[in-house]
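Participant:
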Amino acid sequence: MKALLFVILLFTMITYAQNNSKQMISLIEQGKSDSAKTLLEKEIKKRPKDLELIFVSALINPDADESIKQYHKVAADRNCAYSESAINKLYQYYYALGSYAKAQNWKDSLAAFFPKSKYLSVIESSEEKEVSEDVKLSEAKPIVKDEVAVKEGTVVQIGAFSKKEKAKELVKKITEKKITLSVKEKNVAGAILFVVTASGFKNESAAKKFSEKVNKEFSLQSRILTK
201 MKALLFVILL FTMITYAQNN SKQMISLIEQ GKSDSAKTLL EKEIKKRPKD LELIFVSALI
261 NPDADESIKQ YHKVAADRNC AYSESAINKL YQYYYALGSY AKAQNWKDSL AAFFPKSKYL
321 SVIESSEEKE VSEDVKLSEA KPIVKDEVAV KEGTVVQIGA FSKKEKAKEL VKKITEKKIT
381 LSVKEKNVAG AILFVVTASG FKNESAAKKF SEKVNKEFSL QSRILTK
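For the sequence shown, our numbering begins at 201 and goes up steadily by one.
1. Put I374 into one of helix, strand or coil per three-state DSSP.
2. Just tell me which of L251, S257 and K249 has its CA closest to the CA of M224.
3. Give a yes or no on contact between the region 298 to 305 and the region 236 to 253, applying the rule of three or more CB pairs nearer than 8 Å.
4. Whole angstroms is fine: what's the gap from L420's alpha carbon to Y295's?
5. Relative to the C-alpha of T380, which candidate in K363, A407, E417 and S309 has its C-alpha closest?
6. Alpha carbon to alpha carbon, how far is F314 from L259?
7. Excluding the five sequence neighbours on either side, which residues of its own chain have a C-beta within less than 8 Å of the C-beta of V371, listed in chain order?
8. Please report how far the alpha carbon of V274 lies from the alpha carbon of F401, in whole angstroms.
9. Check for me: the alpha helix (DSSP H) holding I358 runs from which residue to which?
10. Please report the distance separating the alpha-carbon of T212 from that of N220.
11. Using a Cβ-Cβ cut-off of 6 Å (strictly less than) and excluding sequence neighbours within five positions of H272, which residues of its own chain qualify?
12. Where do the ends of the alpha helix (DSSP H) carrying L425 lie?
13. Along the chain, where does the alpha helix (DSSP H) that runs through L251 open and close?
14. If you draw a straight line from the C-alpha of T238 to the C-alpha of E417, how long is it?
15. Can you tell me which residues form a DSSP beta bridge with S399?
16. Where does F410 sit, in a helix, a strand or coil, going by DSSP?
17. Starting from the Cα of T375, find the closest Cα among A360, V414 and F394 and give me that residue.
18. Grab me the residues of L253's own chain with a C-beta within less than 7 Å of its C-beta, minus the 5 sequence neighbours each way, in chain order.
19. Cα separation between Y261 and S411?
20. State the Cα-Cα distance for the pair K363 and D263, rounded to the nearest angstrom.
21. Quick one, which of S285, R423, G359 and L425 has its alpha-carbon nearest Y319's?
22. Is DSSP giving Y293 helix, strand or coil here?
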């Protein structure tokens, strides 16, 4: 009888915790983060190691580095209801930083552990659209300066940022001449990012040299997109 009572109480506690986290996430989606934070502060004192609450905390945490640590914890436990979402968040984060190799690793993890994830189709669609749009960008603005011929379809994506100000700051720091720098708003896997691209290269070799240069100077992971 005691064992049965324990199971019932445990099930009730788990259900309560799940409902609580869903309620908080719903509030966040409604733009009521302060209300969600008030509920979270109350509940996380009782269950500081609850991964669902840790996931909610990551969603509203103003400290990006701390959020990433929290997402890592949630992503590591495949049994957590929000592990799939946490992996997607990590993909978005590293993509936003321009860390495309790390972003790809998280995309691969998503495919491996959650092969039917709804996020995979969103990511694939966003990446395909991104390549298409960047190629169109280079074709739409064929600028020739100092007798440098533009090779159609060759674009260097320098980085992607969650804040437009950060993207503009990077553009100001790049002093390379004879190229065209652009900041474009894009939806990447459900996240709004501001992507910095460079076009106006005479060939892919020139684009590669530029890519290597900005990577070294600004610790980025730029990539070359070609038609």
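Quick reminder that beta carbons are idealized off the backbone N, C-alpha and C, glycines included.
Facilitator: For this structure:
1. Looking up residue 374 in the sequence shown gives position 174. I374: coil per DSSP, three-state reduction.
2. Within the sequence shown, numbered from 1, the residue matching residue 224 stands at position 24. The shortest C-alpha separation from M224 is found at S257.
3. no
4. Taking the first residue of the sequence shown as position 1, residue 420 is located at position 220. Taking the first residue of the sequence shown as position 1, residue 295 is located at position 95. If you take the alpha carbons of L420 and Y295, they lie about 11 Å apart.
5. Within the sequence shown, the letter at position 180 stands for residue 380. If we check each option's Cα against that of T380, A407 comes out closest.
6. Position 114 of the sequence shown, counted from the start, is the residue given in the question as residue 314. Position 59 of the sequence shown, counted from the start, is the residue given in the question as residue 259. If I take the Cα positions, the gap works out to 21 Å.
7. If you number the sequence shown from 1, residue 371 lands on position 171. Only L381, V383 and V396 meet the Cβ criterion.
8. Against the sequence shown, residue 274 aligns to sequence position 74. Against the sequence shown, residue 401 aligns to sequence position 201. Their backbone Cα atoms lie some 43 Å apart in a straight line.
9. To locate residue 358, count along the sequence shown from 1; it is residue 158. Note, I358: premise wrong, no alpha helix (DSSP H); beta strand (DSSP E) at V355 to F361.
10. For this step, residue 212 is matched to residue 12 along the sequence shown. For this step, residue 220 is matched to residue 20 along the sequence shown. For T212, the predicted structure reports a pLDDT of 38, less than 50, and the residue's modelled location is therefore unreliable. A value from the coordinates is still provided. Using only the alpha carbons, I get a separation of about 12 Å.
11. As a position in the sequence shown, residue 272 is number 72, starting the count at 1. Counting only Cβ-Cβ distances below 6 Å, and skipping sequence neighbours, we find nothing.
12. Counting from 1 along the sequence shown, the entry for residue 425 is found at position 225. Taken as a continuous stretch (DSSP letters only), L425 belongs to no alpha helix (DSSP H), being part of the beta strand (DSSP E) at R423 to L425.
13. Mapped onto the sequence shown, residue 251 falls at position 51. Counting along the chain, the alpha helix (DSSP H) containing L251 begins and ends at L251 to I260.
14. Counting from 1 along the sequence shown, the entry for residue 238 is found at position 38. Counting from 1 along the sequence shown, the entry for residue 417 is found at position 217. Going by the C-alpha atoms only, they are around 43 Å apart.
15. For this step, residue 399 is matched to residue 199 along the sequence shown. DSSP output for S399 lists V355 and T380 as bridge partner(s).
16. Within the sequence shown, residue 410 is the residue found at index 210, counting from 1. It is helical.
17. By one-based count along the sequence shown, residue 375 stands at place 175. The residue with the shortest Cα to Cα distance from T375 is V414.
18. Numbered from 1 along the sequence shown, position 53 holds the residue referred to as residue 253. Once the five neighbours on either side are set aside, the close Cβ partners of L253 are S221, L240, E243, I244 and R247.
19. Stepping through the sequence shown from its first residue, residue 261 is reached at position 61. Stepping through the sequence shown from its first residue, residue 411 is reached at position 211. Checking the displayed sequence, the identity of residue 261 turns out to be Asn instead of Tyr. About 33 Å.
20. Reading the sequence shown from its first residue, position 163 is the one you call residue 363. Reading the sequence shown from its first residue, position 63 is the one you call residue 263. K363 and D263: Cα-Cα distance of roughly 14 Å.
21. Taking the sequence shown and counting its residues from 1, one reaches residue 319 at position 119. Considering only alpha carbons, the answer is S285.
22. Numbered from its first residue, the sequence shown carries residue 293 at position 93. Here Y293 sits in helix by DSSP.
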